[in-house]
Amino acid sequence: MSLIRSSICVFITLSLSGCGGSNNDKSSTPPVASDLEWKQGTFQDQSLFKDFCANPRSGSFPDKNGSELHEKLWLRSWSNDTYLWFDEIVDNNPNTFSLVDYFEQLKTNEQTPSGANKDNFHFSMSTEEWEQRNQSGASLGYGARFEVINATPPRKVVVAYIEPNSPASEASIRRGDVIQTVNGVDVINSNSESDIAIINSALFPISDDNNYSFEFARPNLGIVFGVTMTPSVVVSSPVHNTKVIDTETGKVGYFQFNRHIATAEKELFDSMSYLNEKNVTDLIVDLRYNGGGLLALASQLAYMVAGSNSQTSTFELLNFNDKHPTINPITGQTIQPIPFYNVGLDFSLAPNTLLPSLDLQRVFVLTTDSTCSASEAFMNGLKGIDVEVIQIGGKTCGKPYGFYPAPNCGTTYFTIQFQGVNNKGFGDYSEGFSPNSNPITGDQLHGCSVLDDFSHQLGDNNEALLKAALQYRNNQTCPQPNNTSKLALSRNKELSGKAIQDRPILKFESIMQNKVLISH
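Per this note's numbering: the sequence shown = residues 73 to 592.
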């Protein structure tokens, strides 16, 4: 228990000072603005610039009078100290950039073996917005997740799922509905800049000032219907559709888990308690739209799957850059493995509440390319203790990385600071986990490649991914590919024409596509 409690202090406390302090000396006197100087290749300690702001906030904030150059030099020193690939950052003159643009370029420009950018997840957002969204999952929208299947004509934008008690649920929109028009604009074929702007503003609103009229098609019924919705703040419900599936060979538990946010702790506890009471002998976790988030929640969920099989083992060990082989540069403490947490951690469940566990030797996971980060850590952590992870769906996004949110002067910054490895030391899945009938490499798992099926509701036993998981459980076979299924869709990247935004996820979900540790 002492290991668990000490790890809680390191990884999830809301105040770093409660865990033994930080590297930032608040009493430091920084250089005055007229003496600030950038010298290529020379880096002063980040504490000299921390919380010295061009526009300091009043009240209880730590802000002090400073300048934009103070903020840039803090970003520079902080990145040089903690960024995972610090030696791949070009040390450009901060005076030639705006603050936003300067942070944007403080990252590697290298690529992965497949040609993708090595670091696609480098963000900032207002501290106020970050805290609101991370704690409650509140965001502006309709409570509908839109999947942009084709971003260029002929476009296809499909509803993936609906949040309860939202504008979309009140309008009776459901999974599989296909958007035809927005405010009279043809979403499928329109190609003018003005029409594209209307489509983007309607699909991904940034204010609640306007109403939008949508026309949807419901293909399985052959109907078209219209609704008018106003964007509003919607609180996400991270866990949906908890159910027990009775089969001839035992009871199978299922639930859809969308986000590793604070409120998920209680919802996961409730779902797993229910499934435990029902004596399920297998579990299907639907992570197809789960972009990640709080790493501690992934550890808790993994414990609730594995139970006693996980005790004394490492869920994940954080590897920082080579400046910090033994000391966590954020907390200043000795790097300790993250255990499989077996108690509540005070996100939304009372601390030290004993978690339920199913004590399973295997778990089925439903995935797409939107399955990222903490979701992948859940899979990798279980692999590390020889719990079989059977993957049904598509390749995951490939994010073994994470960060600690870093607030400064009203903005919270996110830069990749560590790579996680499991109990066996494996964490090399930057190209994603993929299902395979004969896995060879560590990033291949037993399972079936299946396209997302929008013609059935999530949790429906006939939905393609869930159906395939039940089939594989029954006889270790995969369904035959059915690429012509009317709504089993894959993205078509070969089309031409002007593109709408491909789920910009706005910053929050992009941020959550990395493992997030809270310690500030």
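We put the beta carbon where it would ideally sit given N, CA and C, even for glycine.
This structure is a prediction, so every number in the text was calculated from the model and none was measured.
Residue i: first and last residue of the uninterrupted alpha helix (DSSP H) it sits in
i    : result
G453 : A446 to K455
F341 : A336 to E349
Y174 : L171 to E176
R148 : E140 to T154
Identity of the residues DSSP links to residue i by a beta bridge
i    : result
K228 : N222
I234 : A216
P507 : L517
A210 : V307
A540 : According to DSSP, A540 bridges with nothing at all.
G499 : Answer is none; G499 lacks a bridge partner.
D318 : K323
C125 : N137
I161 : Answer by DSSP bridge pairing: none, since I161 is not bridged.
H194 : Note: H194 sits in no beta bridge, so no partner.
V415 : L426
I410 : E388
F526 : DSSP, once it has assigned bridges, lists no residue as partnering F526.
F115 : For F115, which the question treats as bridged, DSSP gives no partner whatsoever.
Q328 : H312 and D358
Neighbourhood of residue i by C-beta distance below 7 Å, restricted to the same chain and skipping five residues each side
i    : result
F18  : Residue 18 falls outside the range modelled here, since the chain spans only 73 to 592, and no answer is possible.
Y346 : T314
G482 : R129, S198 and T199
P239 : Y214, G215, M301, T302 and S304
P226 : I260 and N261
I251 : V229, V259, F286 and F288
T353 : G322 and K323
E140 : A126 and L171
V257 : D267, I270 and I271
I407 : L390, T398, I399 and N400
N424 : V415 and G416
T549 : Q543
F163 : The residue asked about is misnamed: residue 163 is Asp in this sequence, not Phe. Hits under 7 Å: Q112 and G113.
Nonlocal neighbours in the same chain, by C-beta distance under 8 Å from residue i, ignoring five residues either side
i    : result
E40  : The structure shown does not extend to residue 40, since the chain spans only 73 to 592, so no value can be given for it.
D532 : L538
N283 : T300, M301 and T302
L136 : Leu is not the amino acid found at residue 136; the sequence shown has Lys there. So the qualifying residues of the chain are D123, F124, C125 and P128.
P551 : C520, V522, A536, K539, A540 and Q543
G379 : S429, L430, D431 and L432
N- and C-terminal bounds of the beta strand (DSSP E) containing residue i
i    : result
E460 : E460 to G465
V307 : S304 to V307
G492 : F490 to V493
G187 : Where G187 is concerned, there is no enclosing beta strand (DSSP E), given that its DSSP letter is neither H nor E.
R434 : R434 to T439
Y473 : Y473 to F475
T484 : T483 to F486
N480 : A478 to N480
Spatial neighbours of residue i in its chain, beta-carbon cut-off 6 Å, leaving aside the 5 residues before and after
i    : result
H528 : N534 and E535
G93  : Reliability of the predicted coordinates at G93 is poor, the pLDDT of 33 falling under 50, and no value is obtained from them.
T386 : P409 and N495
A478 : Y485
D519 : Per the sequence shown, the amino acid found at residue 519 is Gly instead of Asp. I462, Q463, I464 and P507.
F115 : S149 and N152
F412 : S371, A374, Y375, S382 and F387
M344 : M376 and P428
E219 : V230 and A232
W157 : T180
E339 : P310 and V311
P134 : D123
K98  : Low confidence applies here, because K98 scores a pLDDT of 40, under 50, leaving its location unreliable; read the following figure in that light. Same-chain partners within the cutoff: there are none.
D524 : T440
Y174 : K144 and P166
R217 : A232 and Y233
Exercise. Could you pull out every unbroken alpha helix (DSSP H) segment of at least 4 residues lying fully inside the region 347-406, listed in chain order?
Key: With a minimum length of 4 residues, the unbroken runs of alpha helix (DSSP H) contained wholly in the region 347-406 fall at 367-378.
Quiz item: Is the number of C-beta pairs between the region 534-553 and the region 428-445 that are closer than 8 Å three or more?
Solution: Contact between the region 534-553 and the region 428-445 is present: three or more C-beta pairs spanning the two stretches fall below 8 Å.
Quiz prompt | Stretch-stretch touch, CB-based, cutoff 8 Å, three pairs: the region 164-171 with the region 452-462 | solution = Too few Cβ pairs lie closer than 8 Å, so no.
Practice problem: Say whether the region 299-317 touches the region 276-289, bearing in mind that this needs 3 or more beta-carbon pairs closer than 8 Å, one atom from each stretch. | Solution: Two segments are said to touch when three or more pairs of C-beta atoms, one from each, lie closer than 8 Å; by this definition the region 299-317 touches the region 276-289.
Quiz item: Would you call the region 217-234 and the region 247-260 in contact, with 3 or more CB pairs under 8 Å?
Solution: Between the region 217-234 and the region 247-260 there are three or more inter-stretch CB-CB distances shorter than 8 Å, so the stretches are counted as touching.
Quiz prompt | Within the region 235-313, ranges of the beta strand (DSSP E) (whole runs, at least 3 residues) | solution = The qualifying runs are 250-254, 284-290, 295-301 and 304-307.
Quiz item: With a cut-off of 8 Å, do at least 3 Cβ pairs link the region 501-510 to the region 396-412?
Solution: Touching, no.
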